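Student: Provided herewith is a single structure, encoded as structure tokens, for subsequent inquiry.
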Amino acid sequence: MALPSILANITVPLVGIVDTAIVGHLADAAAIGGIAIGTMLFDLLYWNFGFLRAGTAGMTAQAYGKRTPDTEGGGAGETTEILVQSVSIALTGALLILLLQWVFVTVVLWLVPCSVEVAEFARRYFYIRVWAAPATLTLMALKGWFIGMQNTMAAMVTDLVVNITNMLASWLLAVYTPLGAMGVAWGTLIAQYAGLLTAAVLLSAVIRKSKTNSANNAVRESLRVRLASVLSWRKIRRLLVLNGNLFIRSLCFMVIYVGFTSLAAKYGDTELAVSSIIMKLFMLFSYFIDGFAFAGEALTGRFIGGKDKAMVDEAVRILFFWSVCMGLMCTALYAFSGTWFIELMTNQPDVIEASRPYIIWLVLMPVVSCLAFMWDGIFVGATAGSELRNCMIWSAVGFLVTYISLNNIMGIQSLYLAYFVHLVVRAIYLTLRWKQTENNMVEWVGNNR
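Mapping to our numbering: the sequence shown position 171 is 212, numbers consecutive.
Below is the structure:
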């Protein structure tokens with residue numbers, strides 16, 4: 042289950058790396074910074090909708106694990122209700138984004154300290170890419186549903202289509218058309234709708250299979266009856282409570298990840314470009330681990346739904362073994378090849394030279410972050426939204442306190458240390474909370490069958 046997600050996830054940061062590399066070879070540090078700020082604008086929007094994927098995956102996996110007849114059909118019944126509710130929320134959110142786009146980008150760029158050149162590039166980038174919002178948010182819901190249904194292959198195919206299309210379209214439009222560096226925004230827009238079309242085809246294939254495998258159209262009848270209960274307040278309330286907790290968690294993520302970029306901008310365009318490159322290289326590792334985290338969501342939710350505590354414990358043990366191995370491998374890779382990765386991202390001598398003092402953070406972070414990321418997946422599968430919320434609140438506090446207290450002493454290095462501290466807080470908090478959370482969720486599922 043992890044391997045398809047790893048293969049798909051590895052292309053996600055590659056998109057950002059390719060975009061940055063294209064701009065880094067076509068333009069100057071201001072354009073690289075503009076890509077960083079433009080990407081940050083969408084992080085502010087889309088990461089706050091991360092509950093669409095995570096919440097859908099956890100709840101779908103638990104419904105799948107209950108082994109009711111509808112889940113044997115491949116997605117009718119309770120799992121279908123979750124999908125319809127999540128897609129509805131996604132489309133509503135996309136509409137709000139499109140209606141408020143001017144207000145959003147104006148306010149954020151006013152708050153973020155950056156040069157006029159960086160702000161103008163980011164603004165142009167945003168107004169093109171924002172029209173992908175309906176496809177992007179719907180894809181989050183669909184990907185979560187595929188993962189919850191233990192179908193990581195479908196999620197992989199969708200991600201590969203999106204990310205490969207993104208890289209190719211961005212490169213072709215930026216290099217071979219008058220669009221120049223702005224071609225990367227158009228490439229992303231095209232890729233999102235290509236991915237949505239792919240996901241729709243895969244979803245229709247799942248539905249057709251469920252009908253074919255069910256005698257007397259039992260699944261079709263189940264689908265019709267269940268859709269009538271989509272508006273059941275009890276079921277909607279659980280989804281809203283979980284998504285509300287995950288939304289607060291996403292806001293705390295924004296404090297950290299957007300805070301990192303916006304605070305780096307205070308130190309000038311070159312330091313902002315360096316920070317953007319370092320963060321993209323770190324995220325390259327995180328998407329490897331997310332493959333195991335997605336498997337953790339699917340398996341933990343499935344076994345909790347089936348009240349199989351022994352299998353939950355076995356899945357957690359195996360997932361952590363592989364995630365730690367991945368963390369150690371990436372630490373070694375960055376230790377020996379960190380400078381080469383930087384040079385691959387840009388040919389600007391000032392940016393390459395300025396990056397050298399920060400490569401040490403690429404070496405240190407993987408081992409700690411693999412624990413934090415793996416626990417995230419496991420707690421999502423357990424639909425333990427309140428624990429994930431509380432964890433990120435404390436992590437955001439750790440990030441801010443570390444940076445504010447050490448900034449005058451360490452300068453921009455305090456920003457990297459603050460990011461490292463937030464990972465440590467996440468790993469420790471969730472480790473301490475797991476056993477009680479596991480027992481509570483297995484008991485809750487048993488009482489609510």
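From the three backbone atoms N, C-alpha and C, an ideal C-beta is built for every residue, glycine too. Quick caveat: nothing in here was measured; it's all calculated off a predicted structure.
Going by CA-CA distance only, name the one from Phe414, Tyr399, Val299, Asp310 that's closest to Val357.
Tutor: Comparing Cα positions, the closest option is Phe414.
Student: Could you spell out where the alpha helix (DSSP H) holding Gln142 opens and where it closes?
Tutor: Note, Gln142: alpha helix (DSSP H), 142–152.
Student: Based on Cα-Cα distance, which residue from Arg467, Ala373, Leu230 lies nearest to Trp172?
Tutor: Taking only the C-alpha atoms, the option nearest Trp172 is Leu230.
Student: Using 7 Å as the threshold, is the C-beta distance between Ile76 and Val159 below it?
Tutor: No. Outside cutoff.
Student: Helix, strand or coil for Cys155? Go by DSSP, reduced to three states.
Tutor: If DSSP states are grouped into helix, strand and coil, Cys155 belongs with coil.
Student: Does the stretch 441–455 come into contact with the stretch 122–130, if we say contact requires no fewer than three beta-carbon pairs (one atom in each stretch) closer than 8 Å?
Tutor: No, because fewer than three Cβ pairs between the stretch 441–455 and the stretch 122–130 fall closer than 8 Å, the two stretches do not touch.
Student: Whole angstroms are fine: how far does the CA of Leu464 sit from the CA of Val437?
Tutor: Before going further, note that residue 437 is Ala rather than Val in the sequence given. Using only the alpha carbons, I get a separation of about 10 Å.
Student: Alpha carbon to alpha carbon, how far is Val408 from Phe323?
Tutor: Their backbone Cα atoms lie some 12 Å apart in a straight line.
Student: Hey, how far is the Cα of Leu183 from the Cα of Val128?
Tutor: Cα-Cα distance, rounded: 7 Å.
Student: Take Phe326 and list the residues in its own chain whose beta-carbon comes closer than 6 Å to its own, dropping the five residues that flank it on each side.
Tutor: Only Cys371, Pro407 meet the Cβ criterion.
Student: DSSP three-state label for Thr218, please.
Tutor: If DSSP states are grouped into helix, strand and coil, Thr218 belongs with coil.
Student: What do you get for Cys432, buried or exposed, if any count of 16 or more other CB atoms within 10 angstroms of its CB means buried?
Tutor: Per the 10 Å Cβ criterion, buried.
Student: For the alpha helix (DSSP H) holding Ala306, just list the boundary residues, first then last.
Tutor: Looking at the DSSP string, Ala306 is not in any alpha helix (DSSP H), and its letter there is neither H nor E.
Student: By a C-beta neighbour count over all protein chains shown, 10 Å radius and 16 as the cutoff for buried, is Tyr460 buried or exposed?
Tutor: When all chains shown are included, Tyr460 counts as buried.
Student: Can you say whether Pro110 is buried or exposed, counting buried as having 16 or more other CB atoms within 10 angstroms of its CB?
Tutor: The predicted position of Pro110 is uncertain, since its pLDDT is 43 and thus under 50; a value taken from the coordinates is nonetheless stated next. With fewer than 16 Cβ atoms within 10 Å of its Cβ, Pro110 is classed as exposed.
Student: Should Asp354 be labelled buried (16 or more other beta-carbon atoms within 10 Å of its own) or exposed?
Tutor: Exposed, because fewer than 16 other Cβ atoms sit within 10 Å of the Cβ of Asp354.
Student: Could you tell me which of Ser455, Leu456, Val462 sits nearest to Gly439, measuring between CA atoms?
Tutor: Gly439 has its Cα closest to that of Val462, out of Ser455, Leu456, Val462.
Student: Can Val421 and Tyr375 be called in contact, C-beta distance under 7 Å?
Tutor: Cβ atoms of Val421 and Tyr375: not closer than 7 Å.
Student: I'd like to check one pair, Arg430 with Arg290: are the Cβ atoms closer than 7 Å?
Tutor: It is a contact, given that the beta carbons lie within the stated cut-off.
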